[in-house]
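*Asks:* In mature numbering (1 follows the signal peptide of the UniProt record, and there is no 0), the protein residues as written are -30 to -1, 1 to 729. Below you'll find the structure I mean.
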């Protein structure tokens, strides 16, 4: 009977065990939680909570000035119900709302005598390593060196210069930065070491850090920071010091500005200069006369954050070269140490030594999961490359590509000689084969087949072929500063129209009205009617653009506040540059143009990207629109798929056309002026050029060429004007041919045609 009962309960036994285990754990957790709630963890120095029935003590006062809470905080938004609602303007960066500060501000004290010498040397050596650097002087020079931000106070007295500099820093940057580094122009500072120093210091303390020096005839315990070696001030100390600067100027007498500042900080704040803080040491090195930086091997010199005095410009550059070499050697040694650690640890993994990638520490090569993800290799020799941007099979190796190949060959020889010397010494005879590809996970990969001549120690030589592999890894990603632009700029659309475009104008105007006029987008439209000379003579009897003008009139009646102007042009060859010249003269210089085509379907998403990607005096935008294939070849009588499922599928990005462009009128006029000076009166050259060529060859702007999913064009067979240049005509024909269908669709159409012919 017992066995029968157990047999009946066997299927439910796991459920019962699970329920009992869950209840037990719940009871146990509840007892722990109850016990933890009764016991309070008190921080050291905090009083215990009052007993039951005792009156609560008054809360402790908040921290004093300068000891603010540095945790991120959300700035609350308060809306006054008595005021009309306005759109909330968010800050540009989220760190502004959270109360974050920039880390380091650097001030360089210079003079009129050394502004064009030592200050320029500082600017060329270390200025680009600091996030923000300003130069302060008493009297402004007649000409400020290029690339330097100079603040002149109007007085060369050293104490007055220091006083005005501290006031200026507090007024303009006191609320934006956590650390302030002050140095002289005869000081060489290791920028990377200074930045690393501030990352290891707490910002919640009053810091006065530098090379501590004794006052002459003063208190033995008090120290000031020597100005020649630079010193670091925290934001909290600067905020506390600012109210006493006027008193220090009137009460403290000193010849040296660094002594004056140190005495001010000591007398009013009670803080003395220190050379070591929170485990960080401020290393300095004092240069002797006739010092040779290349021969300095002392550990004190190599560890120095600041070197003083630097007597001339040449010595500044030599110091920079020596410290750069020291940092580079340290970086290479760190790489070798890390590679050794990776090898040792990889041997303990399940994969063993086979899991070590080459080069050690660099990401493994990308492994494709399908044939469409295979990264192709580009073949090259020392003279030619067999993968050209224009699609041709072979082109000359020049420019950056030639320099890249030459550098890789030299690097390969250096690595071989470093590995095999002194037994063998290699020299290059010829590059037999070269392959390269860009792997987005690791960088540029190279495979070289080199014909080498190997020479032994005894002088015997031998010619051999050797294959080497090299990787140029991706380095640290840098954020390139770009001018700030907004989405509120008005866009002026320019639409050139010819007789061949009349069938598509109605759809363009409908899309323009629906996506810009109905949504009240800040965009205007200008039509450019291009008349053939024959049609221009008969415009009084028959106007070929009469229907378009009637449609424009209907739009202006429907939208009373909208005016759509048009310009009539007579020409046999509608050159894009000549047409743009006419439009440019009729608009202000700050106009943002969008040069469109009749097949362009305007939408708000693209217009916003046109505004964001076009920056005056900096960048122009040439989008690559998405061209849909011929539906007769793609669907072959079947029903077209819906736009939601067919978005960016049955088509391709047409890289052969440059008809659409976003640019500012001022940038176009500047480039056009340079073009006019180059071609003089040869206007026939303009027929072989597009607006893209004008910006490419006659402006120093960035040309932003990118695919644009917001520009989708329906299939249409473009008419290619044979009167244009051979290159433009060839690109137009290629655009039509590649826009027919994909290879699979064309193959299927040919197959069906052959099947039909055979039957």
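Ideal Cβ placement from N, Cα and C applies to all residues, glycine included. Note that the coordinates shown come from a computational prediction; the quantities given were computed from them, not determined experimentally.
Does the segment 555 to 566 come close enough to the segment 622 to 636 to have 3 or more Cβ pairs within less than 8 Å?
*Replies:* yes
*Asks:* Please return the same chain residues whose Cβ sits closer than 7 Å to the Cβ of residue 577, not counting the five positions on each side in sequence.
*Replies:* 461, 491, 493
*Asks:* In chain order, which alpha helix (DSSP H) runs of at least 4 residues are fully inside the segment 420 to 486?
*Replies:* 475 to 482
*Asks:* Would you mind working out which of 500, 647, 464, 482 sits nearest residue 556, comparing C-alpha positions?
*Replies:* 464
*Asks:* Under the three-state reduction of DSSP, which class applies to residue 403: helix, strand or coil?
*Replies:* strand
*Asks:* In angstroms with no decimal places, state the Cα-to-Cα distance between residue 698 and residue 692.
*Replies:* 9 Å
*Asks:* Can you list, in chain order, the residues of its chain whose CB lies under 7 Å from that of residue 313, leaving out five sequence neighbours each side?
*Replies:* 326, 330
*Asks:* Looking at the structure shown, is residue 622 part of a helix, part of a strand, or coil, going by DSSP?
*Replies:* Reduced to three states, the DSSP call for residue 622 is strand.
*Asks:* If contacts are defined as beta-carbon pairs under 8 Å, then residue 526 and residue 534 qualify, I think. What distance do you get, rounded to the angstrom?
*Replies:* 6 Å
*Asks:* May I ask you to list the residues that DSSP assigns as paired with residue 676?
*Replies:* 593
*Asks:* In chain order, what residues of the same chain lie with their CB nearer than 7 Å to the CB of residue 676, ignoring the 5 residues before and after it?
*Replies:* 593, 594
*Asks:* Assign residue 118 to one of three DSSP states: helix, strand, or coil.
*Replies:* coil
*Asks:* To the nearest angstrom, how far is the alpha carbon of residue 219 from that of residue 285?
*Replies:* 35 Å
*Asks:* Residue range of the alpha helix (DSSP H) that residue 730 falls in?
*Replies:* What is shown of the chain runs -30 to 729, which leaves residue 730 out entirely.
*Asks:* In terms of alpha-carbon separation, which member of 549, 244, 680 lies closest to residue 638?
*Replies:* 549
*Asks:* Which residue spans inside the segment 65 to 116 form an unbroken beta strand (DSSP E) run of at least 3?
*Replies:* Restricting attention to beta strand (DSSP E) runs no shorter than 3 residues, the segment 65 to 116 encloses them at 72 to 79, 103 to 107, ordered along the chain.
*Asks:* Using 8 Å for Cβ pairs, my map puts residue 487 next to residue 532. What's the rounded Cβ distance?
*Replies:* 6 Å
*Asks:* Taking residue 523 as the reference, which of 483, 455, 119 has the closest Cα?
*Replies:* 483
*Asks:* Does the segment 103 to 110 come into contact with the segment 123 to 134, if we say contact requires no fewer than three beta-carbon pairs (one atom in each stretch) closer than 8 Å?
*Replies:* yes
*Asks:* Okay, do the segment 156 to 163 and the segment 138 to 145 touch, 3+ Cβ pairs below 8 Å being the bar?
*Replies:* no
*Asks:* Keeping to the same chain, check which residues put their C-beta closer than 8 Å to that of residue 11; ignore five residues upstream and five downstream.
*Replies:* Because residue 11 carries a pLDDT of 44, less than 50, the predicted location of this residue cannot be relied on, and the following value inherits that uncertainty. Counting only Cβ-Cβ distances below 8 Å, and skipping sequence neighbours, we find nothing.
*Asks:* By Cβ distance below 6 Å, which residues in the same chain neighbour residue 629 in space, the five residues on each side in sequence not counted?
*Replies:* 567
*Asks:* Pull up the distance between the alpha-carbon of residue 590 and that of residue 644, whole angstroms please.
*Replies:* 17 Å
*Asks:* With DSSP collapsed to three states, give me the class of residue 135.
*Replies:* It is helical.
*Asks:* Along the chain, where does the alpha helix (DSSP H) containing residue 388 start, and where does it finish?
*Replies:* 369 to 390
*Asks:* Would you kindly work out how many angstroms separate the C-alpha atoms of residue 683 and residue 458, rounded to a whole number?
*Replies:* Each residue's alpha carbon lies about 26 Å from the other.
*Asks:* Does residue 489 pass the burial test, meaning 16 or more other C-beta atoms within 10 Å, or should it be called exposed?
*Replies:* exposed
*Asks:* Let me know the secondary structure DSSP gives residue 715 once reduced to three states.
*Replies:* helix
*Asks:* Could you check how far apart the C-beta atoms of residue 657 and residue 694 are, in whole angstroms? I think they sit under 8 Å.
*Replies:* 6 Å
*Asks:* Any idea which residues DSSP pairs residue 739 with across the strands?
*Replies:* What the structure shows of the chain is the stretch from -30 to 729, and residue 739 is not part of that stretch, so it cannot be assessed.
*Asks:* State the DSSP-derived secondary structure class of residue 586, mapped to helix, strand or coil.
*Replies:* Note: residue 586 maps to coil in three-state DSSP.
*Asks:* Hey, which unbroken runs of the alpha helix (DSSP H) at 4 residues or more fall wholly within the segment 274 to 331?
*Replies:* 283 to 316
*Asks:* Is the separation between the beta-carbon of residue 433 and that of residue 423 shorter than 9 Å?
*Replies:* yes
*Asks:* For the ligand HEM, is there a heavy atom less than 8 Å away from the beta-carbon of residue 366?
*Replies:* The ligand content of the structure shown is nil, which means the ligand HEM is not present either.
*Asks:* So what does DSSP say about residue 547, is it helix, strand or coil?
*Replies:* Residue 547 falls in the helix class under three-state DSSP.
*Asks:* Counting pairs of beta carbons, one from the segment 222 to 231 and one from the segment 270 to 284, are three or more of them closer than 8 Å?
*Replies:* no
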